[in-house]
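Numbered according to this note's numbering, the sequence shown spans residues 197 to 418.
Just below is one structure, and these are the notes that go with it.
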Amino acid sequence: MESKVFGPEGISDQVKRDLDTLMGLSEQQLNSFGAWLADRANPIPVAWSEIEDLRGSAGLDGETTNNLLGLLRMIFTNWHTSSLTASDVRHELESLKYPEEQVARFTDFLSRSERLRERVYRAAMRRSYELAGLPTIDDLSIVWDLRPVFQEPAFSPETDIGALENLVTQTFVMLLEISASRKDGKRESQTYQLSEDECDRLLTALTNSKRQLEVFKKKLLI
Numbered sequence: 197m198e199s200k201v202f203g204p205e206g207i208s209d210q211v212k213r214d215l216d217t218l219m220g221l222s223e224q225q226l227n228s229f230g231a232w233l234a235d236r237a238n239p240i241p242v243a244w245s246e247i248e249d250l251r252g253s254a255g256l257d258g259e260t261t262n263n264l265l266g267l268l269r270m271i272f273t274n275w276h277t278s279s280l281t282a283s284d285v286r287h288e289l290e291s292l293k294y295p296e297e298q299v300a301r302f303t304d305f306l307s308r309s310e311r312l313r314e315r316v317y318r319a320a321m322r323r324s325y326e327l328a329g330l331p332t333i334d335d336l337s338i339v340w341d342l343r344p345v346f347q348e349p350a351f352s353p354e355t356d357i358g359a360l361e362n363l364v365t366q367t368f369v370m371l372l373e374i375s376a377s378r379k380d381g382k383r384e385s386q387t388y389q390l391s392e393d394e395c396d397r398l399l400t401a402l403t404n405s406k407r408q409l410e411v412f413k414k415k416l417l418i
């Protein structure tokens, strides 16, 4: 059944499970989500670390917190684009047979959060464009590896035991794992190694690139 609040395709099984959880939140937990959305310039988390404060204040695990944020973004976006009122949302929730107390608590939360809906909508739209096209980085894992440097490597055909056992120096190598996912949900992971010098070059390039972005943004009406 078409829904103005949850989209033209209606409520999927996952959305229904998340909605059940959302409707069961206390007023204090709902206020934690509202405060988190209000305090962030861009209320779209891109890493687990960004929702740690919210997870703790709401008393939920990370996956549940992330799922509920996604559901709230959907509700706020449809609430904005369809020009709905809090009463429209309330009517639809009542049609889903949620207890009156839960419906009233959630619609009161929406009424207090009305000023946030356009900002959440704009952030969600920006994020949809950021995810389109190439795989998007989900997480980074970085480990420094201390490697001994011998005169001859272990696979050397040389039979000179002295050269094989001659510890010349040591070096540091960064192991950089990049985990990414496509918009269709398929995930992939690649691991790279960088010397200390290559790490410095990467940091310089990223810093310079951000400086160029700031110059570019000043030329635009953002």
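Backbone N, C-alpha and C fix where the C-beta goes; we use that ideal spot for every residue, glycine too.
CB residue i to CB residue j, shorter than 9 Å?
| i | j | result |
| --- | --- | --- |
| Met-370 | Leu-390 | yes |
| Gly-258 | Ile-247 | yes |
| Phe-346 | Ala-359 | yes |
| Val-285 | Thr-303 | yes |
| Thr-332 | Ala-376 | yes |
| Ala-254 | Leu-221 | yes |
| Asp-356 | Glu-348 | yes |
| Val-299 | Glu-290 | yes |
| Ile-207 | Leu-330 | no |
Would you list the one or two residues that DSSP bridges to residue i?
| i | result |
| --- | --- |
| Asp-356 | BP columns for Asp-356 are empty, so no partner. |
| Met-270 | In the DSSP output, where bridge partners are listed per residue, Met-270 has none listed. |
| Arg-383 | Ser-377 |
| Pro-344 | Gln-366 |
What is the DSSP secondary structure of residue i, reduced to helix, strand or coil?
| i | result |
| --- | --- |
| Arg-378 | coil |
| Asp-335 | strand |
| Thr-281 | coil |
| Leu-372 | strand |
| Leu-390 | strand |
| Arg-223 | Before going further, note that residue 223 is Glu rather than Arg in the sequence given. Glu-223: helix per DSSP, three-state reduction. |
| Ala-234 | helix |
| Ala-300 | helix |
| Ala-468 | Because the chain spans 197 through 418 in this model, residue 468 falls outside it and cannot be assessed. |
| Ala-319 | helix |
| Ile-207 | coil |
| Tyr-325 | helix |
| Val-254 | It should be noted that the sequence gives Ala, not Val, for residue 254. Ala-254 falls in the helix class under three-state DSSP. |
| Glu-292 | It is worth fixing the name first, because residue 292 is Leu in this sequence and not Glu. Looking at Leu-292 - three-state DSSP - the assignment turns out to be coil, as it is neither helix nor strand. |
| Glu-246 | helix |
| Leu-264 | helix |
| Ser-309 | coil |
| Leu-409 | helix |
| Phe-229 | helix |
| Lys-212 | helix |
What whole-angstrom Cβ distance do residue i and residue j have, given they're in contact under 8 Å?
| i | j | result |
| --- | --- | --- |
| Ala-237 | Leu-312 | Not really, about 12 Å apart at Cβ, beyond 8 Å. |
| Phe-229 | Leu-267 | About 10 Å; that fails the 8 Å criterion. |
| Ala-320 | Arg-378 | Ala-320 to Arg-378, Cβ: 19 Å. No contact. |
| Glu-394 | Arg-301 | Glu-394 to Arg-301, Cβ: 54 Å. No contact. |
| Trp-232 | Leu-250 | 4 Å |
Shortest alpha-carbon distance to residue i belongs to which of the options?
| i | options | result |
| --- | --- | --- |
| Glu-166 | Pro-344, Asp-396, Glu-373 and Leu-372 | The structure shown has nothing for residue 166, since the chain only spans 197 to 418. |
| Gln-366 | Glu-392, Asp-396, Gly-381 and Lys-379 | Glu-392 |
| Arg-387 | Glu-223, Thr-281, Glu-373 and Lys-379 | A small fix is needed here, since residue 387 is Thr in this sequence, not Arg. Of Glu-223, Thr-281, Glu-373 and Lys-379, the residue nearest in Cα terms is Glu-373. |
| Thr-273 | Leu-226, Gly-255 and Arg-323 | Arg-323 |
| Val-201 | Asn-262, Glu-288 and Arg-378 | Glu-288 |
| Thr-281 | Lys-293, Glu-290 and Leu-306 | Leu-306 |
| Ser-278 | Asn-227, Tyr-294, Glu-314 and Asp-249 | Glu-314 |
| Thr-260 | Leu-218, Asp-209 and Trp-232 | Leu-218 |
| Arg-308 | His-276, Asn-227, Ile-271 and Arg-213 | Asn-227 |
| Tyr-294 | Arg-213, Ala-328 and Val-364 | Arg-213 |
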